[in-house]
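In UniProt numbering, the protein residues as written are 1 to 151.
The beta carbon of each residue, even a glycine, is placed where N, CA and C say it ideally should be.
First comes the structure, then the notes that go with it.
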């Protein structure tokens, strides 16, 4: 027969969930939870901190893992810390790296790897504007040099 806070099971006496010790008067140590604190928090719980009763990660998950227990990879189409970011809508098959968001199967036509967020048109316009800007500065430089020689 179990005494005090001890609970009887088919295996003998055990402490209630979240407690340990001979008299069941000690909280689980950091990184453990459950009956007799016999279970360990997921290795993907930030700061190795989980609820002593449920095992829910209290500070969130490592990048690429899903709350609340941080034991599952991000679901398709999500990535990052706590899987809170979504892959670009232009990632083929809605598939991106669970850690970085890099599109794994390529991009929709007209979009640029690695994240498929930038269109080729935007890149061309940016490149053209950059070259025009460089040309204008070069032209101004040439005019200044010509003025200096003309004096």
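query                                                                                                                                                                     : result
With H, G and I counted as helix, E and B as strand and the rest as coil, what does DSSP make of residue 48?                                                              : helix
Going by other Cβ atoms of all chains shown within 10 Å of its Cβ, with 16 needed for buried, is residue 80 buried or exposed?                                            : buried
Spatial neighbours of residue 115 within its chain, please: CB distance less than 7 Å, with the 5 preceding and 5 following residues excluded, ordered by chain position. : 88, 101, 102 and 103
Using the DSSP secondary-structure output, state which residues sit across from residue 66 in a beta bridge.                                                              : 72
Considering Cα atoms alone, identify which of 45, 46, 78 and 51 is closest to residue 34.                                                                                 : 51
Can you tell me whether residue 113 is buried or exposed, with buried defined as 16 or more other CB within 10 angstroms of its CB?                                       : exposed
Please return the same chain residues whose Cβ sits closer than 8 Å to the Cβ of residue 30, not counting the five positions on each side in sequence.                    : 48 and 49
Please classify residue 19: does DSSP put it in a helix, a strand, or coil?                                                                                               : strand
Check each candidate in 91, 99 and 93 and name the one with the smallest Cα separation from residue 72.                                                                   : 99
Just verifying my parser: in three-state terms, what is the DSSP assignment at residue 26?                                                                                : strand
Roughly how many whole angstroms lie between the Cα atoms of residue 22 and residue 14?                                                                                   : 9 Å
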